[in-house]
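Engineer:
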Amino acid sequence: MAHFSAVKWLVMLFFVWSASAQQCDQPVETARFNCHPEPFVSSKKCLARNCCWKPVFPPMIQSPKNYSTNSFEVNVPWCYYPRDFPTYQIQTNESTDFGQRLTIVKLQSTYMPDEILNLTVDLLYETAQRFRLRIYDSKKKRFEVPLQVPVVKTKVNATDYEVSLSQAPFAILVKRKSTGVTLFDSSVSPLIYADQFIKFSSHLSGPFLYGLGEHRQPLLINVTNEWRKLTFWTRDFLPVQHVNGYGVHPFHINVEMKNNTLTNFHGQFFLNSNAMDVDLQPLPAITYTTIGGIIDLYLFTGPTTQDVIQQYWDVIGKPTMPPYWSLGFHLCRWGYNNIDNLRAVIQRMRDAEFPYDVQWTDIDAMASHLDFTYDQTNFNGLPDLVRSLQSESKHYINIIDPGISSTQPSGTYPAYDDGLKRAIFMTKFNSTEPITGKVWPGLTVFPDFTNANAVEWWTNIAATFHDTVPFDGIWIDMNEPSNFVDGSHDGCTDNSLDKPPFVPNVLGDSLSARTLCPSAQHALSSHYNLHNMYGYFEAKATNLALKTIRQKRPFVLSRSSFSGSGQYTAHWTGDNRATHEDMYFSIPAILSFNMFGMPNVGADICGFELDTTEELCTRWMQLGAFYPFMRNHNSHAQKFPSGVRVKVVGVFTDLDAPLEKINVHVRGGFIIPMQMPGANLIIGRGNPFTLLVAQSALGNATGNLFWDDGDSIDSIETKTYNYFEFSLVPVSGTIERET
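Residue 28 is where the sequence shown starts when you use my numbering, and the numbers rise one by one after that.
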């Protein structure tokens, strides 16, 4: 206790105020908001920030993370903000055409370097169901996410929400008018706004959420008794729990509770592309901590989940319409090794009369792992094989990684030579020299897809390769972007981009771990700001390239994604394993990506890594038949582990599920159009339709069908399609069937 007092009085010598016992007296531990989110907190570090220090014994440990040397377990914070921690207050408040504009000021800096004390706040009533909050530096332009969002041009007369303000301390409260339920309340924790550290919190309307991807987690996030940290920084790492994943989608749907009863749903979208942590706590509350950009927060009032998702898609863009053939069965393997093995696989599929639409090849079909090449020794005859598949109404897709080899002899590799002439590669900090990493072909450079010249270059080299191997779609992998060395072949700088004052809980404890230096430069901004959008911009460029080359509806499959990527690409869930657990987690992943605006999504059926078993693979094929994107893809074999279990809770009914049949349980109230399959979807298109009608308890059912040529780019814009709605309505009387 004496040590505590000494530290406290020492701090008071340097600060005008300090946290008093009264201001630290939180009624419940779940109301604590973390003042020291970095690992290795101590009383000395905490009190130096003039925050409250109160250890909790025994700790309520949740969500351990064991993949990082600096990993720490999410728990009740021992270091938390006092109620009177310095924050902002409103200085001016004026009406605008679409809401209000405030200026807020903070009288003194606190604990983060380069705090911004003068901020502008825009409260935008964009639609009756969409509210937007923007907080940014009043004096200096900051990076903002280059996502095309709707621009409001018409004033809204009435909204489903009401907004109120607290002047000192500054806080925003948003409620649903019809129920009075709080949708957003920033008063729970102080706003911290520094150049490389922005932190704000809000009450949640209930402890149940959906979304916040890409992370391996259940579909429903329940924080009733759990503290959870989710980190957003795209990373090449197999899907496991408690680590940052391949994509960034800081959007969630919150279940609204009133008197312990579910009432409505609303959503939040934090439009920010910098590295960030999202903390959930049982209060319930949510805290966003990002290291750049601005606060640009959307609130969607729903009130149903479908409404929330549609309102979110209105902001990020609608999903692309896939070509019809891409909805069939896809087959791939890393390790065909040569053309004879590939031909044998295709022939076995013919002999088995197994309906399949698309054959893929992985990096082993490339010449020395070089993009836009094929191995003319081991895969001699690949162009003819592709044309043969296409003559059977099948399709072919090849893989492309972003890393372009920089070590080929001059004049022998056009992708690099032309890219260097056009200066389209990402560069080192304050330099015109391309930054060099290492991937499959060795030393590589990386296209900057925010550069318009790079998009043209990408289209040209893809078109040249298409003249040789007429692919039908492109698989873009390793685009987090992945790098086999941390940062670059030459290391990173010591500046604040590469070594920021705060690093979110990323795998590897560094922003450059298994990727490029954050200080690397794009045409639009630094990699520090654009890392999470690398896959987004590559998908956008690839989508455009395919439209230009084939003049048909494009199919792109991307591993990395960002909010809005669904406008350009499909997605698969990455390098999973042949386990029942991985098969189980594919279901919430696919449902979550539907919310994220990427409904054309699937997992590698039977598992990418490890040896599968006949029963597991059969079950996975049965499940995969219901994936929007159905691909069987695997890697080099390893021994399959034993003792894999999936823990479940709840009430269950045992049903027969023989291996030779797929159990299909249709929800009552729906009508499903069906066709008998052909050898592939193109052949099967000519078969007649039937309707499967599953009545609800009330005897009614509805369904719909969109039908066009399946390949045109502009069928929706030109309205060259058919759209059918089906309904079953109960009527009084009897129906007699003739025998």
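Note that beta-carbon positions come from the ideal geometry of N, C-alpha and C, so glycine has one too. For clarity, every value in this text was computed on a predicted model and none was experimentally measured.
1. Give me the residue from Ser-662, Ala-379 and Pro-685 with the minimum Cα distance to Gln-649.
2. Less than 8 Å between the CB atoms is what I'm expecting for Tyr-351 and Thr-388, so what's the real figure, rounded?
3. Please go through the same chain and pick out, in chain order, the residues whose beta-carbon is closer than 6 Å to the beta-carbon of Leu-174, but skip the five residues on each side of it.
4. Quick check on Phe-612: does DSSP put it in helix, strand or coil?
5. Does the contact criterion of 3 or more C-beta pairs under 8 Å hold for the segment 214 to 226 versus the segment 306 to 316?
6. Report the residue ranges of all beta strand (DSSP E) runs contained in full by the segment 355 to 385; include only those spanning at least 3 residues, in chain order.
7. Name the two residues that bound the continuous beta strand (DSSP E) containing Leu-134.
8. Kindly indicate which residue of Ala-198, Val-178 and Pro-104 has the alpha-carbon position closest to the one of Leu-307.
9. Secondary structure at Arg-159, three-state DSSP: helix, strand or coil?
10. Of all the options Phe-158, Lys-421, Asn-425 and Gly-514, which has the alpha carbon lying nearest to the alpha carbon of Gln-338?
11. Quick check on this structure: which residue in Gly-438, Ala-302 and Trp-254 has the alpha carbon closest to the alpha carbon of Thr-57?
12. With DSSP as the reference, label Thr-747 as helix, strand or coil.
13. Less than 7 Å separating the Cβ of Ile-313 from some heavy atom of the ligand GDP?
14. Would Phe-356 and Phe-492 qualify as a contact pair, given that the criterion is a beta-carbon distance under 8 Å?
15. Output the distance between the C-alpha atoms of Asn-522 and Ser-353, rounded to the nearest integer angstrom.
16. Phe-476: buried (16+ other C-beta within 10 angstroms of its C-beta) or exposed?
17. Pull the bridge partners of Ala-652 from the DSSP assignment, please.
18. Run through the segment 57 to 90 for me and flag every whole alpha helix (DSSP H) of 4 or more residues, listed as ranges in chain order.
19. Excluding sequence positions up to five away, which residues of its chain have a Cβ less than 7 Å from the Cβ of Pro-527?
20. Taking its Cβ as the centre, do 16 or more other Cβ atoms sit within 10 Å of Met-610, making it buried, or is it exposed?
21. Going by DSSP, which residues form a beta bridge with Asn-811?
22. Would you kindly work out how many angstroms separate the C-alpha atoms of Tyr-273 and Leu-298, rounded to a whole number?
23. Going by DSSP, name the residue or residues bridged to Ser-229.
24. Could you tell me which of Arg-377, Gly-696, Trp-599 and His-396 sits nearest to Gln-435, measuring between CA atoms?
25. Does Asn-480 come out as helix, strand or coil in the three-state DSSP assignment?
26. Determine which residues share a DSSP beta bridge with Leu-718 and list them.
27. Using 8 Å as the threshold, is the C-beta distance between Asn-603 and Pro-266 below it?
28. Indicate the three-state DSSP secondary structure (helix, strand or coil) for Gly-238 in the structure shown.
29. Please state whether the Cβ-Cβ distance between Asn-506 and Ser-585 is less than 8 Å.
30. Please classify Gly-438 as buried or exposed, where buried requires at least 16 other C-beta atoms within 10 Å of its C-beta.
31. Could you tell me if His-692 is buried or exposed, where buried requires 16 or more neighbouring beta carbons within 10 angstroms of its beta carbon?
32. Could you compute how far the alpha carbon of Val-676 sits from the alpha carbon of Trp-647?
33. Go to Gln-417, then tell me how far its beta strand (DSSP E) extends in each direction, as first and last residue.
34. If you run the structure through DSSP and keep just helix, strand and coil, what is Ser-782?
35. Lys-465 lies in the alpha helix (DSSP H); which residues open and close that run?
36. Using CA coordinates, which residue listed in Leu-236, Gln-156, Arg-169 and Thr-181 is at the minimum distance from Lys-202?
Structural biologist: Walking through what the data contain:
1. Pro-685
2. About 22 Å; that fails the 8 Å criterion.
3. Gly-591
4. helix
5. yes
6. 356 to 360
7. Unbroken run through Leu-134: none, as it is neither H nor E.
8. Pro-104
9. strand
10. Phe-158
11. Trp-254
12. coil
13. In the structure shown, the ligand GDP is absent, as is every other ligand, since no ligand is present at all.
14. no
15. 46 Å
16. buried
17. DSSP, once it has assigned bridges, lists no residue as partnering Ala-652.
18. 70 to 75
19. Gln-223 and Ile-318
20. buried
21. No statement about residue 811 is possible, as the shown extent of the chain runs from 28 to 766 and does not include it.
22. 18 Å
23. Ile-313
24. His-396
25. helix
26. Pro-700
27. yes
28. strand
29. yes
30. exposed
31. exposed
32. Its pLDDT being 41, under 50, Val-676 is placed unreliably in this model, and the coordinates cannot settle the point.
33. Element bounds for Gln-417: not the beta strand (DSSP E) but the alpha helix (DSSP H), 409 to 418.
34. No answer is possible for residue 782: it lies beyond the span of the chain, which begins at 28 and ends at 766.
35. Looking at the DSSP string, Lys-465 is not in any alpha helix (DSSP H); the run it does join, the beta strand (DSSP E), is 464 to 466.
36. Gln-156
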